[in-house]
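>
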Amino acid sequence: MSVKPDNGKPSAGPITPSRRDLANAIRVLSMDAVQKANSGHPGMPMGMADIAEVLWNDYLKHNPANPRWFDRDRFMLSNGHGAMLHYSLLHLTGYALPMEQIKQFRQLHSMTPGHPEYGHTPGVEVTTGPLGQGIANGVGMAIAERALAAQFNKPGFDIVHHYTYVFLGDGCLMEGISHEACSLAGTLGLGKLIAFYDDNGISIDGAVKGWFTDDTPKRFEAYGWHVIPRVDGHNAEAVKRAIETARKISDQPSLICCQTIIGWGAPNKQGTEEAHGAALGEKECALVREKLGWRYPPFVIPPEIYDRWDANAKGAQAEQAWNKKFAEYKSKYPDAAAEFERRTSGKLPNDWEPYAQSFIAQVNAKAETIASRKASQNTLNGFGPKLPELLGGSADLTGSNLTSWSGSKGLSLSKDNPGGNYIYYGVREFGMSAMMTGIARHGGFIPYGGTFLTFSDYARNAVRMAGLMKQRVLFVYTHDSIGLGEDGPTHQSIEHLASLRLIPNVSVWRPCDAVESAAAWKAAIERTDGPSCLVFSRQNLAHQTRNAAQIAAIARGGYVLSGTPVDPQAIIIATGSEVGIAMQAQKLLAGKGKQVRVVSMPNTRVFDAQDPAYRESVLPAAVTKRVAVEAGVTDFWRKYVGLNGKVVGIDTFGESAPAAAVFKHFGFTDENIVKTVEAIL
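Taken in order, the sequence shown gives residues 883 to 1563; the numbers are from our numbering.
Okay, here's the thing in structure tokens:
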């Protein structure tokens, strides 16, 4: 069915548009949208238009009427500043992205924001813009495709069989995350990952030869990629041959190095930085039309161009063929089909809730004094058999993060073992975090991956992007404080908890014992609208006694752990390893006749989201004498204790010494907390 133009009656045009005519539709739409907004990047869309035309018209498996069809190919624009390339493709091929939205590029509340945003524009797979993260997301998607195929495909039933295509530019390759992700992709032999390098030699500052002279083909060959160098990115047949070749390689990811001219078609600005990040100007836009032979005014596309671009019929046919195959699969393998449908919908097993609650009750009954990182591993051993969708890993710290469990099966050599459920990411915290977001976006898995909390600094922007995309990604951070001890201030986290808590939509759990650790894992697994950070200790933490109501209240982020139910004289708020110290201080204060409440607050964001009545029951406004205790920066806690309250925390870097000595040095002792509480009473 032809897509009807929604932009007025166009002038008569050619009956059978050429490939170049189709690509030129991308060029003029991108150019005109940027010009109307007087903001954006016209050069990359104009330079990559010919490549995009071949990929989307000849190879990309997708259905504009159903952007979420599971076995679609995944397309990512890692060089996300060229967003108008993607929007033009979506509009032209028939997605629910009308011309009116193209005209509203970069405007408030439009469907065409300045960089592609997942969940905002139909057909956009991931949010891109921070360069290099799109290719890392793509590696994650390719990992998920292969792992899911290994788990569910049967002879004659390749129900998981799609490619991951990524466009990337010089900036993506200059960013270090591209090394982290692409190195691992080569090791894993991800044959259905095909990346297109837009080798135009230009970035914002000008010709990149002054600061980027890497031999990119050799670099990727060294990673173990299949590389196709020196492809003319403006020659459709050359691009087509390269794609055909790449799709035949099953045991290596492919990089197609496309030599292009940025701003192709702009007589005075093509090939220069002037075409990169600013509107071309009305005069140059007119010259582009003249050079391209494009006779139509801005935002007018002739019906014959729409007809050639329209992907609805082909997409519907592809999805229908898959649906037929899946129906046969379901008839022959009903249990596997039901599990596939459950996992790809993101639902947990029907008996998950009672199963998890029973496990937490067992943990409570054991009353163990153990490090919360070990409690985390015990929880994985408890939850893992129930959740085959867990896809774990660690950035070269498995033995320290304790992120493996008895059912973990590594896929570090997944050419031979594609069905594994544990990824040895190597020392790649940033890459790991972005790859996990790609895995989550692909579907079928709940990814988790570990490193030391202090190294969340390396990964912070990927954590932020997971929050922006609202993805169920579980970041496991251990060695959470000065309790790390002898490794000293380089490894001791001080500002990291507060920093992570400030990222919108990121949920940070810092449990105080094994029970809270299990409850935190449960909450993170159940959360479907954003990422969670699970923060665990290296040192042993004492079990805290609770009743059933208190165990249930852990999920509310903060609760009364101990103390008089009404009219306490003061409140101590603590998290993690400091809760045990607060409980000791409470006993000492009780011996002095002071009635003090201890509030454990493992998750401040979740607590803040509770209803006012519950928050008042935990932190009554009438009780203004408050002390917060956490081995981190103090400013974050002022909203809970007020300007007249006290915070036992750390506003300097740590020290290198045994943990007990460092805790005492910084005042994390029951005696100092008692002194602090007495000072405000």
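Every residue, glycine too, gets a C-beta built ideally from N, C-alpha and C.
Would you tell me roughly how many angstroms separate the C-alpha atoms of G1228 and A1200, rounded to the nearest one?
Cα to Cα, the separation comes out at about 23 angstroms.
> Distance, Cα to Cα, E1560 vs D1533?
Each residue's Cα considered, the two are about 22 angstroms apart.
> Rounded to whole angstroms, what's the CA-CA distance from Y1340 to R1310? Just pull it up for me.
Going from the Cα of Y1340 to the Cα of R1310 covers about 9 angstroms.
> Which full runs of the alpha helix (DSSP H) of 4+ residues lie inside the region 1220 to 1255, going along the chain?
Counting whole runs of 4 or more residues, the region 1220 to 1255 contains the alpha helix (DSSP H) stretches 1234 to 1248.
> Find out if the Cβ-Cβ distance for the pair T837, G962 is shorter than 8 angstroms.
Because the chain spans 883 through 1563 in this model, residue 837 falls outside it and cannot be assessed.
> Figure out for me which residue from N1019, I1017, V1042 and S1254 has the closest Cα to the Cα of A1029.
Nearest of N1019, I1017, V1042 and S1254 to A1029, Cα basis: V1042.
> Is R1392 near D1369, with beta carbons less than 8 angstroms apart?
Going by C-beta atoms, R1392 is not nearer than 8 angstroms to D1369.
> Just the C-alpha distance for G925 and N1117, rounded to the nearest angstrom, thanks.
Their backbone Cα atoms lie some 18 angstroms apart in a straight line.
> With 16 as the cutoff for other CB atoms within 10 Å, does A1219 come out buried or exposed?
With 16 or more Cβ atoms within 10 Å of its Cβ, A1219 is classed as buried.
> Out of E1223, E1027 and G1292, which one is the CA nearest neighbour of N1205?
Checked all of E1223, E1027 and G1292; the closest Cα to N1205 is E1223.
> Note the first and the last residue of the continuous alpha helix (DSSP H) segment covering W1403.
Looking at the DSSP string, the run of the alpha helix (DSSP H) that includes W1403 is A1396 to E1408.
> Using only the alpha-carbon positions, how far apart do A1067 and M1317 sit?
If I take the Cα positions, the gap works out to 10 angstroms.
> Starting from the C-beta of C1139, find all residues in its chain whose C-beta is less than 8 angstroms away, skip the five residues before and the five after it, and write them out in chain order.
Around C1139: Y1079, D1081, T1098, P1099, V1109, I1110, P1111, R1112 and V1113.
> Does the region 1530 to 1546 come close enough to the region 1473 to 1487 that 3 or more CB-CB pairs lie under 8 angstroms?
No, they do not touch.
> Touching or not, the region 935 to 952 and the region 1157 to 1169, by the rule of three or more beta carbon pairs under 8 angstroms?
In short, these stretches do not touch, since the Cβ pair count stays below three.
> Looking at L1075 and A1024, is the spacing between their C-beta atoms short of 8 angstroms?
Closer than 8 angstroms, so yes.
> For T882 and V916, I'd like the C-alpha separation in whole angstroms.
Past the boundaries of the shown model lies residue 882; the chain is included only from 883 to 1563, so the question cannot be answered.
> Mind the definition here: the region 1184 to 1191 touches the region 1162 to 1169 only if three or more C-beta pairs lie below 8 angstroms; say whether that holds.
Verdict: no, contact absent.
> For A905 and S1136, I'd like the C-alpha separation in whole angstroms.
Their Cα atoms are separated by approximately 24 angstroms.
> Closest to I1328 by C-alpha separation, out of K1036, F1181 and T1410, would be which residue?
The candidate whose alpha carbon is nearest that of I1328 is T1410.
> Quick one: grab the DSSP three-state call for K1528.
Looking at K1528 - three-state DSSP - the assignment turns out to be strand.
> What are the partner residues of D1080, as DSSP defines its beta bridges?
DSSP output for D1080 lists G1051 and C1140 as bridge partner(s).
> Assign K1036 to one of two classes, buried (16 or more other C-beta atoms within 10 Å of its C-beta) or exposed (fewer than that).
K1036 is exposed by the Cβ-count criterion.
> CB of Y1178 to nearest heavy atom of the ligand SAM: below 7 angstroms?
As far as ligands go, the structure on display features none, and thus does not contain the ligand SAM.
> May I ask which residues mark the beginning and end of the beta strand (DSSP E) holding P1494?
It is not in any beta strand (DSSP E) - P1494 instead sits in the alpha helix (DSSP H) that spans P1494 to V1500.
> Output needed for I1059: all residues of its chain with C-beta closer than 7 angstroms, excluding positions within five of it in sequence on either side, in chain order.
Excluding sequence neighbours, I1059 sits near G1014, Q1015, A1018, F1312, G1313 and A1316.
> Span of the alpha helix (DSSP H) holding M1318?
Per DSSP, M1318 belongs to the alpha helix (DSSP H) from E1311 to H1324.
> Spatial neighbours of I1242 within its chain, please: CB distance less than 8 angstroms, with the 5 preceding and 5 following residues excluded, ordered by chain position.
Taken in chain order, the residues that qualify are V1397, A1400, A1401, K1404 and I1433.
> I need the DSSP call for I1454, collapsed to helix, strand or coil.
In this structure, I1454 counts as strand in the three-state DSSP scheme.
> Taking the straight line between their C-alpha atoms, what separation do you get for A1193 and L937?
Between A1193 and L937, the C-alpha separation is close to 12 angstroms.
> So, for K985: in the same chain, excluding its five sequence neighbours on each side, which residues have a beta-carbon less than 8 angstroms away from its beta-carbon?
Excluding sequence neighbours, K985 sits near A915, K918 and F1181.
> Anyone know if the C-beta pair for D1577 and Q1466 falls short of 8 angstroms?
Given that the chain is displayed from residue 883 to residue 1563, the structure contains no residue 1577 and the question cannot be resolved.
> How is the alpha helix (DSSP H) around S1338 delimited, first residue to last?
S1338 to M1351 is the extent of the alpha helix (DSSP H) around S1338.
> Round the Cβ separation of L1423 and G1367 to the nearest angstrom and send it over; I've been treating them as touching at under 8 angstroms.
Contact doesn't hold; Cβ gap of about 15 angstroms is too wide.
> How long is the line joining the alpha carbons of P1236 and L1382, rounded to whole angstroms?
Distance between the alpha carbons of P1236 and L1382 is about 31 angstroms.
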